[in-house]
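Engineer: There's a structure below that I have some questions on.
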Amino acid sequence: MPYYLLIYHVVEDYGERRAPFREQHLRLAREAHERGEIILGGALADPVDKDLLVFRCEDPRVVEAFVHNDPYVQNGLVAQWEIRPWNVVIHG
26 MPYYLLIYHV VEDYGERRAP FREQHLRLAR EAHERGEIIL GGALADPVDK
76 DLLVFRCEDP RVVEAFVHND PYVQNGLVAQ WEIRPWNVVI HG
């Protein structure tokens, strides 16, 4: 099954602005994880300028649906996003 990286390029004050939407975002991510779609996810540190989520699914439209339903995207915390196919060579 293919892997996809979802890369969020977040706004400068993302750390301060995400609090009201964090639980909704995490719920959406947990639900996708329970369905086996999201394998890993988290924010990059130093600086906090991107979030990465690793999806494993047959169709990139699954990732697109996540993006369009994500409160971080809907509320302007994500300046830009991209979905990239990821050719995994080594995994655990």
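Position 61, counted from 1, in the sequence shown is what the working numbering calls 86; the numbers after and before it change by one each time, with no gaps.
Positions of the beta carbon are idealized from the N, C-alpha and C atoms, including for glycine.
#1: In three-state DSSP terms, what is GLY61?
#2: Check each candidate in HIS93, PHE91, ASP74 and name the one with the smallest Cα separation from GLU41.
#3: What is the DSSP secondary structure of VAL87, counted as helix, strand or coil?
#4: Residues bridged to ALA68 by DSSP?
#5: Kindly indicate which residue of TYR29, PRO45, TYR28 has the alpha-carbon position closest to the one of PRO96.
#6: Can you give me the Cβ contacts of GLN49 inside the same chain, cut-off strictly under 6 Å, excluding the 5 residues immediately before and after it?
#7: Where do the N-terminal and C-terminal ends of the beta strand (DSSP E) with VAL113 fall, by residue?
Structural biologist: Reading it off the structure:
#1: In the structure shown, GLY61 sits in coil (DSSP, three-state: anything other than H, G, I, E or B).
#2: ASP74
#3: helix
#4: Residue pairing from DSSP places ALA68 in a beta bridge opposite ASP76.
#5: PRO45
#6: PRO96
#7: Counting along the chain, no beta strand (DSSP E) covers VAL113, and no H or E run does either.
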